[in-house]
Structures are given as C-alpha cells and as structure tokens.
Amino acid sequence: MTPAELSQSLFDLVNQVSERRRDADAPVLGLTVADVVLDRPRNRDHGDWASSIALKIAKPLGASPRDIAAELAAGLEALPDVASVEVAGPGFINIRLEAAAAGALAQTIVEKADAYGTGTLYAGIKINLEFVSANPTGPIHMGGVRWAAVGDSLARVLQAEGASVTREYYFNDHGSQIDRFARSVLASYLGEPTPDDGYGGAYIGDIAATVVAQYDGDIAALPRDEQQEVFRSIGVDLMFTEIKEKLHGFGVDFDVYFHEDSLHESGAVTRAIDRLRELGHIFEADGAIWLRTTTFGDDRDRVIIRSNGEPAYISGDLGYYLDKRERGFDQNLIMLGADHHGYIGRMMAMCQAFGDEPGVNLQILIGQMVNLLKDGEPVRMSKRAGTIVTLDDLVDAVGVDAGRYSLVRSSSDSQLDIDLDLLGKHTNENPVFYVQYAHARTSAVARNAAASGVDRSAFTPELLVHDSESALLGVLQEYPRIVAQAAELREPHRIARYIEEVAGYYHRWYDNCRVIPLGEEPVTDLHRTRLWLNDATGQVIRNGLGLLGVAAPERM
RNA sequence: GCCCCCGUAGCUCAGUGGAUAGAGCAGCGGCCUUCUAAUCCGCUUGUCGUAGGUUCGAUUCCUACCGGGGGCACCA
Numbered sequence: 001m002t003p004a005e006l007s008q009s010l011f012d013l014v015n016q017v018s019e020r021r022r023d024a025d026a027p028v029l030g031l032t033v034a035d036v037v038l039d040r041p042r043n044r045d046h047g048d049w050a051s052s053i054a055l056k057i058a059k060p061l062g063a064s065p066r067d068i069a070a071e072l073a074a075g076l077e078a079l080p081d082v083a084s085v086e087v088a089g090p091g092f093i094n095i096r097l098e099a100a101a102a103g104a105l106a107q108t109i110v111e112k113a114d115a116y117g118t119g120t121l122y123a124g125i126k127i128n129l130e131f132v133s134a135n136p137t138g139p140i141h142m143g144g145v146r147w148a149a150v151g152d153s154l155a156r157v158l159q160a161e162g163a164s165v166t167r168e169y170y171f172n173d174h175g176s177q178i179d180r181f182a183r184s185v186l187a188s189y190l191g192e193p194t195p196d197d198g199y200g201g202a203y204i205g206d207i208a209a210t211v212v213a214q215y216d217g218d219i220a221a222l223p224r225d226e227q228q229e230v231f232r233s234i235g236v237d238l239m240f241t242e243i244k245e246k247l248h249g250f251g252v253d254f255d256v257y258f259h260e261d262s263l264h265e266s267g268a269v270t271r272a273i274d275r276l277r278e279l280g281h282i283f284e285a286d287g288a289i290w291l292r293t294t295t296f297g298d299d300r301d302r303v304i305i306r307s308n309g310e311p312a313y314i315s316g317d318l319g320y321y322l323d324k325r326e327r328g329f330d331q332n333l334i335m336l337g338a339d340h341h342g343y344i345g346r347m348m349a350m351c352q353a354f355g356d357e358p359g360v361n362l363q364i365l366i367g368q369m370v371n372l373l374k375d376g377e378p379v380r381m382s383k384r385a386g387t388i389v390t391l392d393d394l395v396d397a398v399g400v401d402a403g404r405y406s407l408v409r410s411s412s413d414s415q416l417d418i419d420l421d422l423l424g425k426h427t428n429e430n431p432v433f434y435v436q437y438a439h440a441r442t443s444a445v446a447r448n449a450a451a452s453g454v455d456r457s458a459f460t461p462e463l464l465v466h467d468s469e470s471a472l473l474g475v476l477q478e479y480p481r482i483v484a485q486a487a488e489l490r491e492p493h494r495i496a497r498y499i500e501e502v503a504g505y506y507h508r509w510y511d512n513c514r515v516i517p518l519g520e521e522p523v524t525d526l527h528r529t530r531l532w533l534n535d536a537t538g539q540v541i542r543n544g545l546g547l548l549g550v551a552a553p554e555r556m
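Structure (structure tokens):
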C-alpha cells in the first residue's frame, strides 16, 4: 500500500465520518485529498504514518478530536495492509502497516530503478532556467559557483518531475563593464596602471598576453582604439571559453548561451519596446524613454533608453523575456544573487506589462551571498581588486563532488560561510563522504552477496521486521515526496538533507542486520530479502546524488 | 527612510501549524578473528533573537522591535 493509497482511504473515511456527524443544515467541510496529509512521525513509537486530521475537523463538526480519531481509527484498522491503529495525545492517529506491506517497497524501488522518485508534477511543461550568467570580465567566482551547483541541481530536480528544462546562461557582452574590461586589458598590455574603474586581477595580464599571442597581426602597430577593440573581442571570447570549460569540468553544461549583444543586433529590443508602446506602457521624459513600471507595483518608473540614446540595461531584459516567451517557455526562472533583489519589482512589472502573470510566467529566485573567511576573518571578494576565489580554487581544494555538495546542501536563503583554510584541510567534515560511503557500502554488500551465494531469487517482505528495517523502509518511502517538494519549492538542498538521513538509517541497519550469513550458516530467504533492501537503498542514494550532480562511487 | 534574506546546541546548519526541536563537526567514553571502523553505540549542551497576536496546538503564520548581511541610478 502506497502512502497515496493510504491517504485516499483516510480521505474516504473522513468524508464518511463527517457526513454522518454533521447537522443537516451545517456546511460541508470541503476537504480535498491534499488536506488529508500523512506524516512520517519522527518518533517510531508513533507508527509508520500519522495523521492530525481529526484535530482539524473536530471543531467544524462540533465533536471532540479524540472521538473523531477513534471513528477514523476503526475504519483504518479494517484495511488489509494496516496492522494497527491507535489514537494518541489530543487526537493523533498513529498507523502501523503490516511488515509485508511496508517491505514490499524494497522490491518496488529495485524494479523502478532510476525512475524511483520521479514524478509528473511538471509533465509537459517547458521551463527555462537561467542561472550563473556571470559577466565575462573575469574567472567565475564563488558566488557564481554556488548558483552553478544549485541551478544545475534544480534543473535536474525539475526534470525528475517531468519538466522539459532548458539551462540558459545570459551572457552580458553589451554594456560598459565590458568596456572597462577591455580598457583594463589594454592598460596591462601597455604597462599602464589599471584604470580607476577597471579590473586589477592578475588574470588581466594573462589575458593580455594570450590575446597578443592569438592575434593575427601586429597589435603594437594599431591605433589605440583599435587595440582596445582587439583586446575586447578576443579577451571576451577567451573569458567566455574559459567559463564554459570550467563549468563543464564542474558538471554544469548549459543548453543555451544567450548573448545580450544579439538582442540589440537582431532588433529584439526594439520589437519589445514597440510592443510595450502599443500596450500603452511607454512614455518619454527628460529626453529618455521610460517604461511605466509603477502601473504594476514597481516603486519607480524605469528608463529603458537613456537620453544619450544608449539602451539602459533593462532594455536587454525586455527583449530577452519576449524572446523566451516566443520560444515557448511557460515558466521562466531566473536565479539571481541577493545583490540583485532590487530587480524583482521592475522585472515582474515588465512581465505584467507584456500581459503575463508574474510569479507564473516569470519567477525570480534570490539566493544569498557566499562569504569567504580566512582565519575566521571575512575576506571581501572583488573582481576589481583581484581578490577573487574561483571555481578552480574550490575544485583544487576539495574536488568537484565535495565542492558541489557543500554549495548545494544549504538553503539558498542562507548566506554561506566558506572558510578557505577549512576547505583545504578537513575535507572529511563534508557530509558528502558520509553519503557516498553509504552508497559504496551498498555496492560492497551487493558484491559480497553475489560471491557468497546470496541472490534476489526470493522476496518475502514480511521478514523485514527489525526496527532498523522498518525505519529504513520508512525513510525510503519518503523519497518521491522529497523530490516533488524540492521541485515545487525550488529547493534542491532538500535532496541533500534527505540522502544524509537515508545514509544514517542505512548505516544503522547495516550494523544490526546481516545480508550475508556468518560463517557456515545457511543462506535463507531473510538474507535474500535483505539484499533487495540493500539494493533499494543504494538505488535511492544513487538517484538522490544524481539529482545533485554528485558521483555515487561503488568503492571508496 | 523603504525593500529582501538571516538570527535554532560550542561551530556550520536542517526543520513551508503538530507529539519529547534534530544532524554533522567539535568534546568525553565504548565496539574491529564477523558483509568496508570514512561506519556504529553511549554521554553532554537549547530563554528556537525579544515582546505581543492568531490557533486546540507556533521554531514555523501575523505585527512591532533588536542584531547581522544585501539592495534602493538615465551602472551593468
């Protein structure tokens, strides 16, 4: 019996009880199945599943919660897979399943394999997920790396729920930051000091040297403005290529790298502005062209074409958003750092100005910043000052798996502290090893089982009665719900926390229950059935790590 | 001044209205002739920032305040 079936049964019982109890003239409760949720109690004494529904409906029915609970309990007890039901505390209903019914899950998981945990929440939905989008003015730093890890994992989670996801990187190659970058590289080449508003990192010199080596001609012979253009175009390409390669090495690949420049060149920006003008949301003032975002809740109107004729940054967003919509994306997700949260108002206003629904067609996910600490003291990261910690630094220190895992296991709402010293030393503190070790252990057990003549030729789930077994089964059952929740809330860290929990239950089970008989003891159906549970656990950990983009090693 | 995020064990952090608030790390003490000891077991620590409110029930929702971080351009 699946949790869904059990909660449907409970829902039916709730309806029966409320029909029987309510006065003829009283309003119906209007509950749906979703209101009748089953919890997996933390305390195993409270059964395999628990419901607080009696507490919720007691008042409208004018009855005591315990009386309602008792009636529901009687109905549940009659179900075939339910072993026992009790009413506890103020009116909780604690349900215990037959061991066979609970244990059947092990076989289900093994048979579903990679598909276990996937759902259909977003079946048929096209989602565009834009993340990282760091400017190509320097190596990708820790802030961007966090979104690379979280965004890629979120994409995987959404795909697991049936969505068609396009990972997209918006490449800002149009604005004045690029000019600063070009001037900085040029200055380095000429041996001049870094411009006041330029970038001063050591990588600037490297880029200058590489550009000189790659340029087919004599840069020194060019006039200064042409020199700058050479350093701009080749330098940006170099950065762009490097960023792509580094992200690839980190396991993050984008489907689309979208160039801001192309929006201006293709006329997409002009088209978007024309469209908004037709809709009556454009006005002119002080020599500039504005979008009246205040109509849609923004705290001020926004300039989209400056009085000098240059498009403001947001104009690219107008064209870009329209382009995404024309490409058929129902949901457009954009991940931004907390330093960009002020964009939400204007972006949502823009979405609404186009006639779309903010929060549905456009969703902006804000993630908090990464703080770097050294000797317990904060280190400020700045591309300008050249004090940056890059993707490479992270991977060199701890590797891809531990790096991704440490970035994705915290809520994006929390600022992340990363201690540069700890990063290099105490790698065992990373819970990823705890989880990976559990997975390696399931593989080792499976290998040894094969060598010892334990196979999966029998499956008798009613034998899985040890406390550590029902606890493990209980947590394995949660997986599909966790994936759905992570997708809905856009919070992939839930997957990490969950598999840590699975690893814990598995290790404790391993300690208590043998899959392979000791010494000369015969192989029994209990051993064979436990092998199913072992393999099921490995499968769930593997699936979970897969959603995080972290390897599931068979040996450690 | 306004907006967003955070405040939970010594540290880093989970916990989108439920029962006795959890994990990892750190500390102390136990288990290897037994499927991998990167595991497991035991001990120890909490005004869930403060004060109100809603609720049968609040770490969770609402309000105010305190503390930390970030943001409020014809920059991108």
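Count the first sequence with the UniProt record's numbering and you get residues 1 to 556, in order.
Glycine is no exception: its CB is placed at the ideal position from the N, C-alpha and C atoms.
Nearest-angstrom Cα separation, counted from residue j out to residue i
i	j	result
Glu310	Asp261	13 Å
Cys351	Asp216	45 Å
Gly403	Leu222	44 Å
Phe250	Glu130	17 Å
Val370	Ile364	19 Å
Val132	Arg409	18 Å
Val236	Leu473	53 Å
Leu79	Arg66	20 Å
Val465	Glu500	23 Å
Asn128	Leu121	16 Å
Pro41	Ala471	11 Å
For residue i, the first and last residue of its enclosing beta strand (DSSP E)
i	result
residue 580	In the structure as shown, the chain starts at 1 and stops at 556, and residue 580 therefore has no counterpart that could be examined.
Phe550	For clarity, residue 550 is Val in the given sequence; the question names Phe instead. Val550 -> no beta strand (DSSP E), and no H or E assigned at all.
Ser84	82 to 88
Cβ-based neighbour list, residue i, same chain, cut-off 7 Å, excluding 5 preceding and 5 following
i	result
Ile366	Leu336, Ala338, His341
Ala113	Gln539
Ser52	Phe92
Asn534	Thr442, Val445, Ala446, Val515
Leu55	Pro65, Pro90, Gly91
Cross-strand partners of residue i (DSSP beta bridge)
i	result
Gly337	Gly367
Trp49	Ile95
Ile127	Val165, Gln331
Val211	Per DSSP, none; premise fails for Val211.
Trp290	Phe283, Val303
Thr390	His141
Tyr170	Phe258
Pro358	Leu362
Leu31	Leu31 is not bridged to any residue.
Asp39	Ala50
Residue i - containing alpha helix (DSSP H), residue span
i	result
Ser184	176 to 190
Arg456	Here Arg456 belongs to no alpha helix (DSSP H), and DSSP marks it neither H nor E.
Arg20	3 to 21
Glu229	224 to 249
Glu326	313 to 326
Leu416	From DSSP, Leu416 is part of no alpha helix (DSSP H) but of the beta strand (DSSP E) over 416 to 419.
Ala70	65 to 77
Gly474	467 to 489
Candidates the options, of which the one nearest residue i by Cα
i	options	result
Asp35	Arg44, Arg21, Glu86, Phe11	Phe11
Glu161	Ala123, Ala208, His174	Ala123
Asn361	Leu6, Glu98, Met348, Arg21	Met348
Trp49	Ala101, Thr32, Ala63	Ala101
Val435	Gly519, Tyr505, Val110	Tyr505
Tyr405	Ile57, Asp67, Arg494, Ile516	Arg494
Gly200	Arg490, Ser184, Val211, Glu192	Ser184
Tyr510	Ala440, Thr108, Asn430, Arg302	Ala440
Gln107	Pro517, Phe459, Arg327, Lys246	Phe459
Gln177	Ser164, Val165, Arg167, Asp196	Asp196
Gly117	Ala487, Tyr203, Gly519, Asp237	Ala487
Ala134	Val157, Ala438, Gly474, Lys246	Lys246
Asp413	His46, Leu238, Arg146	Arg146
Arg490	Asn332, Thr537, Pro553, Cys513	Asn332
Ala451	Asp417, Gln415, Pro461, Leu531	Leu531
His141	Ile541, Thr390, Val150, Asp419	Thr390
Gly205	Leu186, Ile219, Ala220	Leu186
His281	Gln228, Glu242, Arg346	Arg346
Asp81	Leu263, Leu97, Asp286, Leu158	Leu97
Close-in-space but distant-in-sequence residues of the same chain around residue i (CB under 8 Å, 5 per side omitted)
i	result
Glu357	Cys351
Leu318	Val269, Ala272, Ile273, Leu276, Leu291, Ile304, Met350
Beta-carbon proximity list for residue i, same chain, < 6 Å, skipping 5 on both sides
i	result
Met239	Pro136
Ile334	Glu130, Ile364
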